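Q: The structure is given below, and queries will be raised subsequently.
Number of protein chains: 2
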Amino acid sequence: MARPRVVVIGGGFGGLAAARALSGADVEVVVVDRHNHHVFQPLLYQVATAGLSPADIAAPIRWILRRQANVRVLLDDVVGVEPAGRRVVLRDSGPLDYQALIVATGVTHTYFGHDDWAGHAPGLKTLDDAVAIRRRVLMAFEAAERESDPARQVPLLTFVVIGGGPTGVEMAGAIAEIARQALRDEFDAMQPEAARVLLLEGGPAILPTYVESLRASARAALTSLGVDVRESAKVTHVGDREVRVGDEVIAAGTIVWAAGVQASPVGRWLGGDVDRLGRVAVAPDLSVPAHPEIFVAGDLMAIAASDGQPVPGVAQAAMQSGKRAAKNALARLAGRATEPFRYRDPGNMATIGRARAVADLGWIRLTGYPAWLAWLFLHLVFLIGFKNRVVVLVQWLVAYVTRQRGVRLITRDS
Amino acid sequence: MARPRVVVIGGGFGGLAAARALSGADVEVVVVDRHNHHVFQPLLYQVATAGLSPADIAAPIRWILRRQANVRVLLDDVVGVEPAGRRVVLRDSGPLDYQALIVATGVTHTYFGHDDWAGHAPGLKTLDDAVAIRRRVLMAFEAAERESDPARQVPLLTFVVIGGGPTGVEMAGAIAEIARQALRDEFDAMQPEAARVLLLEGGPAILPTYVESLRASARAALTSLGVDVRESAKVTHVGDREVRVGDEVIAAGTIVWAAGVQASPVGRWLGGDVDRLGRVAVAPDLSVPAHPEIFVAGDLMAIAASDGQPVPGVAQAAMQSGKRAAKNALARLAGRATEPFRYRDPGNMATIGRARAVADLGWIRLTGYPAWLAWLFLHLVFLIGFKNRVVVLVQWLVAYVTRQRGVRLITRDS
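The listed protein sequences derive, respectively, from chains W and Z.
Sequential numbering of the first sequence, starting at -19, is according to the numbering used here.
Sequential numbering of the second sequence, starting at -19, is according to the numbering used here.
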């Protein structure tokens, strides 16, 4: 009899953890992703701000899983799931039957119904997004250098980051630092220090999942870099080079969207309930109640942790749930009982410019330089691939010493 | 009185050498390029074959020239030159007057009148070109993995490189090595070793500027990597996934153009004669005879070396001529006599896969491992930027030990 097939959709943190947890099991594993590479999302903002190259934070999924004999990797797009027939439909390869399915397709950004904002305020979810944002940020300074009228330089040099979560905080800090440090002394007509960076958070506070003392530290660090942090600042319109907050119109050459997320559409195809963001309501064992052979992991799942709070959409939660989904899928195939998912929260951290960060590791809270060192260390440890670790370390060391950013390339401009 | 303005068009090897040679002179220097970065072209094929990241072989022109007080850098497109009015017209910044002009806009690839071939067989001149070729090469293996019929895998896994100069030789060797080494053991339905790589040279021999003994060594190295080297193989047609050589039709999923070059259109705007490739016929001092305040450097110039042979379109010739053009421009502005350009040929080298190369340094000819070490050393020395040198060295060391390629990213696929 053929071994049962477990299909894993998604090669992010959740899908990779699931595939690895199936290592050695007597099943055939097929991992499907629309990209050939896994991206280390926590460092995506560094690609968008010219600190790292795309390849530094990514690795081919095929290469990551090369030593795992029972895994096959397919670069393909999932265009449908048929829970009743137990098969996935792939755009190029056609239908693919499964005995168990693990879905870890994550979330993408959403504009809360204003899809026309997307062209003006790109979001940051893929390497292509990051390179496109890098291009916009660097082009803004070049456009200002060509402009001899200082009054017309102001909007060109105004950067608005919408959304005060960790990504928004890290983006705003990095853009401010580019202006004040990396580009210093390289321009003639334009003073990069004149750049304005605004961080707009619609809720009452940036970093809403952090404790107030760390938020205050983050605010202070951002302000000292020259970032104008505005909380309870609800964006009512995004247009061509302008953002409106209530009655105020902010003319801004560069707008970055770090606000809302919505679940991948795959979540709606699984025959279960989804919440208002499209995330799948899963049973405690991460399965879809109507189809117990389907499991959901990572940002796509909607589930509460033991404290009643929703499990956050972070890398650690995706890895832990991917592993649990894989073990439960094996249990289901073997007719054994599944176990509930228990999220162990390892804490939060965000970095703000050079040598500053905030970190809440549960047992200890850090700010400033110690938080930044902890951030550096943990990100290097979790990065996949020896080459990536060495290259990222070199780039960070050089950046720290020279205050430069190593990847100031404007590409895709033809 | 205002200082005279010297405009340098192009931030490649020629333009950068000219700008640097104007350091400290009592002139205002404006460097214009349509890209914000200088590219180390000799390593562009390594970006196209997933060995290096774009940022590893590039650096912002503005950053390279940051310590030179008399230089201004503009990111802009030159849309016209008016030699009679002594001004350059820029797309975004408008007209720019000059007292002396140095043109180093180089060459691009040409399809010998068959512009419709361009979409089927991309060329390799910019970082964007390199990323696009990398995508095609890596996608070919992924498409073959999705194809269960071995007969239909053959064309998908056939790679044709058209043009047997150094770029074509290096591309063909690197693609063969990806198939045989880097992707080994990572695929299931497809044997990457089954890939066919053809190198088609229309002339009687590959590496036409090399001596026959080195050519023979290059041929042997390519053949041992599995490359099918065909000389006197004139391509008569390039279509969708097919190349014709005489009556033979080669079905090939991936076709790379490394054959013809033609000069940048700027050469035709200078009021002088151009040769059939559009290169500018310059006086011995590199000036345009009808406009002695205009100088041409690098691949765009047509001039003979002391041996009567044309000066080749290589980085060393561009750097030497850029420096001479700058010195002669200063001489002209000061009313002093200019000096003729004398090309000192430092030799040729090309690398073929891992740990093999051919090098002709004039006083010594090397093949195999010693040639490869010389190639490594010289390319690291000439690469711009400390960070780039360290990161490239790390990538090469890891690649050498693991036989992997560090940048296997398929991007720009949306």
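Ideal Cβ placement from N, Cα and C applies to all residues, glycine included.
The model shown is predicted, which means the values in this text are computed figures rather than measured ones.
(1) Taking the C-alpha atoms as reference points, what is the distance between T420 (chain Z) and A154 (chain Z)?
(2) Could you check which residue in W:S33, W:E122, W:A243 and W:N50 has the C-alpha nearest to that of D108 (chain W)?
(3) Residues of the segment 12 to 45 of chain W in Cβ contact with chain Z at a cutoff of 9 Å, in chain order, please.
(4) Kindly list, in the order they appear in chain Z, the residues whose Cβ is closer than 8 Å to that of I390 (chain W).
(5) Any idea what DSSP makes of T90 (chain Z), helix, strand or coil?
(6) Please give me, in chain order, every unbroken run of the beta strand (DSSP E) with length at least 3 that falls completely inside the segment 335 to 384 of chain W.
(7) At the level of alpha carbons, what is the spacing between K214 (chain Z) and I142 (chain Z)?
(8) Taking a cut of 9 Å between CB atoms, which residues from the segment 346 to 374 of chain W lie near chain Z?
(9) Could you work out which residue in W:A5, W:L341 and W:V27 is closest to Y190 (chain W) when comparing CA atoms only?
(10) Could you compute how far the alpha carbon of G206 (chain W) sits from the alpha carbon of R322 (chain W)?
(11) Suppose the cutoff is 8 Å on Cβ atoms and the five residues either side in sequence are ignored; what does the same chain contact list for S394 (chain W) look like?
(12) Could you tell me the boundaries of the alpha helix (DSSP H) in which A330 (chain W) lies?
(13) Have a look at I41 (chain Z) and P272 (chain Z) and give me their C-alpha separation to the nearest angstrom.
(14) Using a Cβ-Cβ distance under 8 Å, would R(-15) (chain Z) count as near chain W?
(15) Rank Z:P269, Z:L250 and Z:M299 by C-alpha distance to the C-alpha of D279 (chain Z) and give the top, closest one.
(16) Should E62 (chain W) be flagged as near chain Z, meaning a C-beta pair shorter than 8 Å?
(17) Identify whether P(-16) (chain Z) lies in helix, strand or coil by the three-state DSSP scheme.
(18) So what does F275 (chain W) bridge to, in DSSP terms?
(19) Output the distance between the C-alpha atoms of F366 (chain Z) and V374 (chain Z), rounded to the nearest integer angstrom.
(20) Hey, does L310 (chain Z) have any beta-carbon neighbour from chain W nearer than 8 Å?
(21) Using a Cβ-Cβ cut-off of 8 Å, state whether G(-8) (chain W) counts as contacting chain Z.
(22) Rounded to whole angstroms, what is the Cα-Cα separation between D13 (chain W) and P292 (chain W)?
(23) First and last residue of the alpha helix (DSSP H) that includes A130 (chain Z)?
(24) Rounded to whole angstroms, what's the CA-CA distance from A156 (chain Z) to G333 (chain Z)? Just pull it up for me.
(25) If you measure from the beta carbon of V378 (chain W) to each beta carbon in chain A, is any gap under 8 Å?
(26) Closer than 8 Å, CB to CB, is L(-4) (chain Z) near chain W or not?
(27) Examine the Cβ distances between the segment 96 to 114 of chain W and the segment 228 to 236 of chain W and report whether three or more of them are shorter than 8 Å.
(28) Kindly indicate the opening and closing residues of the beta strand (DSSP E) around G31 (chain Z).
(29) For the beta strand (DSSP E) that A98 (chain W) lies in, which residues bound it at each end?
(30) Spatial neighbours of A198 (chain W) within its chain, please: CB distance less than 7 Å, with the 5 preceding and 5 following residues excluded, ordered by chain position.
(31) Who are the near neighbours of L163 (chain Z) in its chain, counting only those whose CB is closer than 8 Å to its CB and skipping five residues on each side?
(32) Assuming M151 (chain Z) and Y25 (chain Z) make a contact with CB atoms under 8 Å, what is their CB distance in whole Å?
(33) How many angstroms separate the CA atom of R116 (chain Z) from the CA atom of A64 (chain Z)?
(34) Residues of chain Z with a CB under 7 Å from the CB of V387 (chain W): which are they?
(35) Determine, using beta carbons only, whether T318 (chain Z) and R324 (chain Z) come nearer to each other than 8 Å.
(36) What do you reckon, are the CB atoms on V27 (chain W) and R132 (chain W) nearer than 8 Å?
A: Per the coordinate set shown:
(1) Chain Z is shown from -19 up to 394; residue 420 (chain Z) falls before or after that span and cannot be answered.
(2) Considering only alpha carbons, the answer is W:S33.
(3) So the close ones are R14, H15, N16, H17, A30, L32, S33, P34, A35, D36, A38, A39, P40, R42, W43 and L45.
(4) Listed along chain Z, the residues sitting closer than 8 Å to I390 (chain W) by beta-carbon distance are H15, N16, H17 and L55.
(5) It is a strand residue.
(6) Segments of the beta strand (DSSP E) lying fully in the segment 335 to 384 of chain W: 337 to 340 and 345 to 347.
(7) Spanning the two alpha carbons is a distance of roughly 9 Å.
(8) Against chain Z - using a Cβ distance shorter than 9 Å - the residues of the segment 346 to 374 of chain W are G365, F366, K367, N368, V370, V371 and V374.
(9) Taking only the C-alpha atoms, the option nearest Y190 (chain W) is W:L341.
(10) Spanning the two alpha carbons is a distance of roughly 41 Å.
(11) Confidence is the limiting factor: at S394 (chain W) the pLDDT is only 41, short of 50, which leaves the residue's position unreliable, though a coordinate-based value still follows. For S394 (chain W), where only same-chain residues beyond five positions count, there are no Cβ hits under 8 Å.
(12) Looking at the DSSP string, A330 (chain W) is not in any alpha helix (DSSP H); the run it does join, the beta strand (DSSP E), is N328 to T331.
(13) Rounded to the nearest angstrom, the two C-alpha atoms are 27 Å apart.
(14) Not one chain W Cβ lies under 8 Å of R(-15) (chain Z).
(15) That would be Z:M299, whose Cα lies nearest to the Cα of D279 (chain Z).
(16) Not closer than 8 Å to any Cβ of chain Z, the Cβ of E62 (chain W) fails to qualify, so no.
(17) P(-16) (chain Z): coil per DSSP, three-state reduction.
(18) Looking at the DSSP output, F275 (chain W) sits in a beta bridge with W:I82 and W:S267.
(19) About 12 Å.
(20) Contacts with chain W at 8 Å (Cβ-Cβ) do not include L310 (chain Z).
(21) It does not: the Cβ of G(-8) (chain W) has no partner Cβ on chain Z nearer than 8 Å.
(22) So the two alpha carbons sit approximately 23 Å from each other.
(23) Residue identity check: residue 130 (chain Z) is Pro in the sequence provided, not Ala. Unbroken alpha helix (DSSP H) run through P130 (chain Z): P130 to L136.
(24) So the two alpha carbons sit approximately 8 Å from each other.
(25) In the structure shown, chain A does not exist; the protein chains are W and Z.
(26) Interface annotation, L(-4) (chain Z): not in contact with chain W, CB-CB separation never under 8 Å.
(27) Yes, they touch.
(28) Neither: G31 (chain Z) is in no beta strand (DSSP E) and is coded neither H nor E.
(29) Segment: none, A98 (chain W) is in no beta strand (DSSP E) and carries neither H nor E.
(30) Hits under 7 Å: V149, I186, L187, A330, I332 and V338.
(31) Answer for L163 (chain Z): F121 and P172, listed in chain order.
(32) Between Y25 (chain Z) and M151 (chain Z) the Cβ distance is about 5 Å, and since that is below 8 Å, they are a contact.
(33) Going by the C-alpha atoms only, they are around 46 Å apart.
(34) Result: A35.
(35) Not in contact: T318 (chain Z) and R324 (chain Z) (Cβ atoms no closer than 8 Å).
(36) No, these two residues do not count as a Cβ contact at 8 Å.
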